[in-house]
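Chemist: Would you mind keeping the following structure in view while I ask a few things?
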Amino acid sequence: MKTFKLENEPKIATGFKTPEDYFDNFSAKVLQQINEKEVKVIPLYKRKKVLTMAAAAAVFIGLMIPVVNNYNATSKDLDEATLENYLAYQSNLNQYDLIQNLDTNDIQKLNKNVAIEDETLEDILSSSPNIEHLISE
Amino acid sequence: MTDEKEFILQLLNPKTQDLAFQKLLSDYQKPLYSHIRNIVLNHDDADDVLQNTFVKVFQYLKNFKGESKLFSWMYRIATNEALTFLNQKAKLSGITSQDLQNKTIDNLKADAYFDGNEIQIKLQKAIVSLPEKQQLVFKMKYFEELKYEEISEILGTSVGALKASYHHAVKKIEIYITTN
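Going down the list, the protein sequences come from chains A and B. So the first sequence is residues 1 to 137, counted in the UniProt record's numbering. So the second sequence is residues 1 to 180, counted in the UniProt record's numbering.
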């Protein structure tokens with residue numbers, strides 16, 4: 001097969017044609033379009049429509065804020081409560097399991113709690129019938 | 001160049017604007033039409049894109065800084081409009097831009113505004129098989145006979161890179177036509 005070489009061939013034209021007097025009428029067409037566009041630069045009703053829609057969207061989003069917040073909040077609360085209930089009533093965890101899972105931080109926290117409740121401790125001690133026994137120890 | 005500056009001032013001055021824009025239209029409608037037609041291939045689409053191009057040129061004239069020549073600025077708008085149009089049309093039909101162009105070429109034989117033979121259709125098919133940039137460079141150089149310097153200003157690519165692109169395009173086209 002003969003190798004095709006573009007430069008050896010006579011120039012190939014595109015073959016594209018236009019309708020007769022297309023270019024005679026073209027500028028009139030464009031100018032008409034431009035004038036139309038200029039006349040209806042800002043159609044008032046369209047602007048109003050956009051404004052109304054924007055306002056409606058803003059109100060809707062505004063109304064949604066508490067709903068969304070609540071939704072997130074309730075879903076979190078629910079999780080914690082469910083977890084607590086489950087651990088307290090449903091699980092097989094016993095005291096020893098809990099104690100085993102305590103780390104030093106937890107124990108320090110517990111210590112602090114006890115320390116704060118000195119007064120209560122006194123009350124208990126004073127009202128306890130075994131107080132003498134305890135003191136003597 | 002001073003003539004062009006003067007002409008741009010006329011285009012921006014409301015008193016002289018109409019006449020100047022008329023002149024712009026009559027000077028550029030034919031070359032820009034060919035440029036767009038070479039990209040979108042059929043007459044009706046080229047007509048749409050050409051109208052949009054001139055409307056955009058009119059709208060953006062006040063932003064035209066004169067940093068580039070009016071000529072390359074308008075060609076740039078036309079190129080962008082044509083390529084955007086092609087991509088949108090392809091998207092609407094759910095096919096790639098290349099498939100769309102292939103389909104358009106198949107329809108060319110029945111097009112009232114196409115008068116060409118087999119070799120012309122084959123050449124168009126060969127062009128479509130090229131990457132977009134090479135297609136543009138080839139069409140602008142071979143069909144529109146623009147200078148490399150002009151193409152460089154329009155596409156923002158160096159003359160060297162354009163020459164390489166054109167060379168690659170020609171090679172691929174010759175292989176395509178030889179083997180098909």
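For every residue, glycine included, the Cβ atom is placed at its ideal position computed from N, Cα and C.
Could you list which residues in chain B have their beta carbon closer than 7 Å to that of A:Val30, in chain order?
Modeler: Leu25, Gln51, Phe54, Val55
Chemist: Quick one: is B:Asn80 near chain A, going by C-beta distance under 9 Å?
Modeler: With 9 Å as the cut-off, B:Asn80 does not count as an interface residue toward chain A.
Chemist: Are the CB atoms of A:Thr14 and B:Asn107 within a distance shorter than 9 Å?
Modeler: no
Chemist: If you measure between the beta carbons of B:Leu59 and A:Lys37, is that distance less than 9 Å?
Modeler: Sequence check: residue 59 of chain B is Gln here, not Leu. Yes, they are a contact pair.
Chemist: What does B:Lys30 reach in chain A if we use C-beta pairs closer than 7 Å?
Modeler: Phe23
Chemist: Using a Cβ cut-off of 9 Å (strictly closer), state whether A:Phe60 contacts chain B.
Modeler: Between A:Phe60 and chain B, the shortest Cβ-Cβ separation is not below 9 Å.
Chemist: Relative to chain A, which residues along the segment 112–141 of chain B have a C-beta separation below 7 Å, given in chain order?
Modeler: Tyr113, Phe114, Asp115, Gly116, Ile119, Gln120, Leu123
Chemist: Can you tell me the Cα-Cα spacing of B:Leu41 and B:Thr104, whole angstroms?
Modeler: 7 Å
Chemist: Measure how close the beta-carbons of B:Val128 and B:Leu162 come, nearest whole angstrom, since I'm counting them as under 8 Å.
Modeler: Contact doesn't hold; Cβ gap of about 20 Å is too wide.
Chemist: Distance check for A:Gln108 and A:Glu122, CA to CA, integer angstroms please.
Modeler: 21 Å
Chemist: I want to see whether chain A comes within less than 9 Å of residue 181 of chain B, judged by CB atoms only; does it?
Modeler: There is simply no residue 181 of chain B to check, as chain B begins at 1 and stops at 180 in what is shown.
Chemist: For A:Phe16, list the residues DSSP reports as bridge partners.
Modeler: B:Phe114
Chemist: Cβ of B:Thr178 within 9 Å of Cβ of A:Lys2?
Modeler: Closer than 9 Å, so yes.
Chemist: Between the segment 164–176 of chain B and chain A, which residues of the former have CB atoms less than 7 Å from a CB of the latter, in chain order?
Modeler: Residues Val170, Ile173, Glu174.
Chemist: Among A:Phe16, A:Ser127, A:Gln100, which has the Cα closest to the Cα of B:His43?
Modeler: Per the Cα distances, A:Phe16.
Chemist: Which chain A residues are close to B:Asn38, counting only those with a beta carbon under 8 Å from its beta carbon?
Modeler: In chain order: Thr14, Phe16.
Chemist: Report buried or exposed for B:Val49, applying the criterion of at least 16 other Cβ atoms within 10 angstroms of its Cβ.
Modeler: buried
Chemist: Select from B:Pro14, B:Leu70, B:Asn63, B:Leu146 the residue whose C-alpha is nearest the C-alpha of B:Lys5.
Modeler: The option with the nearest alpha carbon to B:Lys5 is B:Leu70.
Chemist: Is there a Cβ from chain A that is less than 9 Å from the Cβ of B:Leu146?
Modeler: no
Chemist: So B:Leu70 is in the alpha helix (DSSP H); what residue range does that whole segment cover?
Modeler: Unbroken alpha helix (DSSP H) run through B:Leu70: 70–93.
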